[in-house]
Structure formats: structure tokens, C-alpha cells
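Please read the structure below before turning to the comments.
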Amino acid sequence: GAVVSQHPSRVICKSGTSVKIECRSLDFQATTMFWYRQFPKQSLMLMATSNEGSKATYEQGVEKDKFLINHASLTLSTLTVTSAHPEDSSFYICSARRGTGANSPLHFGNGTRLTVT
Amino acid sequence: GENVEQHPSTLSVQEGDSAVIKCTYSDSASNYFPWYKQELGKGPQLIIDIRSNVGEKKDQRIAVTLNKTAKHFSLHITETQPEDSAVYFCAAAGNQAGTALIFGKGTTLSVSS
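The listed protein sequences correspond, in order, to chains A and B.
The first sequence maps to residues 47 to 163 in the working numbering.
The second sequence maps to residues 6 to 118 in the working numbering.
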């Protein structure tokens with residue numbers, strides 16, 4: 047069964063509003079979670095690394111003030127897309143590593159399809 | 006940083022044939038190489054992974070091989086079935102905890118019956 051739960055699966059919002067996406071690790075604790083973005087027929091691009099209890103680490107080119115990440119507990123990370131615009135429409139996917147080692151399997155949520163009108 | 010190249014971008018096979026997808030990576034420090042299968046509208050699902058201390062790993066119809074010297078690894082699917090049709094991604098990661106996976110561009114596999 048699923049080990050990472052992501053909610054909502056789909057969201058449509060108006061331009062200028064903010065949207066929050068939740069990512070939960072089920073039955074395990076994740077000190078680190080990762081947020082990816084995927085455009086149609088393209089690969090997964092890492093946006094940021096979410097660290098429990100500390101600031102997220104953003105990849106080059108990703109605006110930290112636009113994509114707010116909060117990893118308040120060992121089982122929950124949230125991504126908030128602030129002041130969303132149509133170009134933010136995409137498939138956002140979170141992931142968490144089950145286990146503490148770098149080689150522990152990385153499991154993904156089922157993604158959130160964001161459409162900004 | 007790490008760069009992962011994946012080929013081919015599309016692959017069409019007949020049911021029962023084998024399919025092979027190849028990836029290369031650039032960072033010699035990478036030592037973890039998973040493969041994911043992604044169906045339309047869903048998140049990637051881990052199907053098999055291999056670590057740098059192993060040259061080959063098999064799980065039923067799926068196998069992965071790794072050549073650390075050449076920095077390439079491959080996914081082999083035998084006796085393909087229509088339900089194997091999906092997008093497959095290879096990835097690579099380093100050996101530090103908290104290191105993110107870097108993905109290849111994906112291969113769209115179509116298995117026709």
C-alpha cells in the first residue's frame with residue numbers, strides 16, 4: 047500500500063490565490079522530504095529539500111518566497127504556492143525516504159495536479 | 006552536480022518481447038540507482054533499485070545491471086505485458102543521508118498485444 051500520502055490530488059484555483067499541498071509519511075518518520083515538479087511528458091525536477099525543524103533547501107531557480115515549505119513534524123511537510131499564476135500549473139509530487147540511510151528507498155506520493163486559471 | 010541521461014525516450018515492443026532502457030550518470034560518488042514506473046496521473050512507483058556494491062539484481066521479470074566503471078546502468082524487462090506500458094525513470098543519488106534523487110528524462114514504453 048501507499049507509504050506517502052499527498053493531498054489534494056487535484057486543485058483548481060484562480061490567479062493570485064494561494065494553494066497548500068500536504069505530504070504525509072504513513073507509519074514512518076521522515077526527517078527529510080523532497081518536493082518535485084513535473085511538466086507534461088517531462089521528467090521530475092527537484093524543487094526543494096524539506097528538513098524537519100529547519101528551513102528548506104531550494105534548488106537554483108526556485109523562488110523560496112513563492113513556494114513556501116513547512117516541515118513542522120516528522121510525518122508532514124507542506125508546500126504552499128503563493129500568489130499562483132497560470133505558469134505555476136503543473137504536477138507537484140512529494141517524496142520521503144523510508145529509513146535513515148541515503149540508500150533507503152524513496153517513496154512518492156500520488157501527486158497534486160494544480161491548475162491556475 | 007549529478008546528471009543522468011536516459012535512452013531511449015520512447016520504446017515500442019510486442020507483448021512477450023524484452024525491453025531494455027539504459028542510463029548513464031556523471032557523478033562517480035553516486036551509489037544508489039533506483040528505477041521508477043509512472044502511470045498516467047500518478048506518482049512514480051519504485052520497481053527495483055541497485056546499490057554500487059552489486060552488479061546485477063533481479064526481481065521476477067525485471068532486472069537491473071550496473072557498471073560503475075563506465076557509469077551506466079540498465080533496466081531489463083522480459084516477457085513484456087501490456088500492463089508494463091508506462092513511463093520509466095532511472096535515477097541516481099549520492100551516499101549522504103538527505104541526498105535527493107536526480108532523474109533521467111524518462112522512457113515511454115508501449116507494449117502492444
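Think of the CB as a built atom: it goes at the ideal place given N, C-alpha and C, for glycine as much as any other residue.
A quick note: this is a predicted structure, and the numbers were derived from the prediction, not measured.
In summary, Gln43(B) is buried, with 16 or more beta-carbon neighbours lying within 10 Å of its beta-carbon over all protein chains present. Between the region 133-153 of chain A and the region 80-88 of chain B, the count of C-beta pairs closer than 8 Å stays below three; the two stretches do not touch. When C-beta atoms of the region 119-135 of chain A are compared with those of the region 15-35 of chain B, fewer than three pairs fall below 8 Å, so the two segments do not count as touching.
When CB distances to chain A are screened at a threshold of 8 Å, the residues of the region 32-63 of chain B falling below it are Asn36, Tyr37, Pro39, Tyr41, Gly46, Lys47, Gly48, Pro49, Gln50, Leu51, Asp54, Arg56, in chain order. Across the region 107-123 of chain A, no CB contact with chain B closer than 8 Å is found for any residue. By the 16-neighbour rule on beta-carbons within 10 angstroms, Thr63(A) is exposed. In the structure shown, Pro49(B) adopts coil according to DSSP, grouped into three states. In the structure shown, Pro86(A) adopts coil according to DSSP, grouped into three states. Under the DSSP assignment, Arg144(A) falls outside any beta strand (DSSP E); it carries neither an H nor an E label. Beyond the five residues adjoining it in sequence on each side, Ile53(B) comes within less than 6 Å, by CB distance, of Trp40, Asp64, Ile67, Val69 in the same chain, given in chain order.
Of the residues assessed, Gly99(A) falls on the exposed side of the cut-off, its CB having fewer than 16 other CB atoms within 10 angstroms. Runs of the beta strand (DSSP E) spanning 3 or more residues and lying entirely within the region 31-95 of chain B occur at 37-43, 50-56, 61-64, 67-72, 77-82, in chain order. DSSP, reduced to helix, strand and coil, places Glu68(A) within a strand of the structure shown.
Shown here for Phe85(A): same chain residues with a beta carbon closer than 7 Å to its own, the five before and five after excluded, namely Ser136 in chain order.
Ala105(B) belongs to the set of residues whose beta carbon lies under 7 Å from a beta carbon in chain A. The C-beta distance from Thr158(A) to Ile67(A) rounds to 5 Å, short enough to fall under 8 Å. Secondary structure of Glu133(A) (DSSP, three-state): helix.
Taking 7 Å as the cut-off, the Cβ atoms of Ala97(B) and Ser35(B) count as close.
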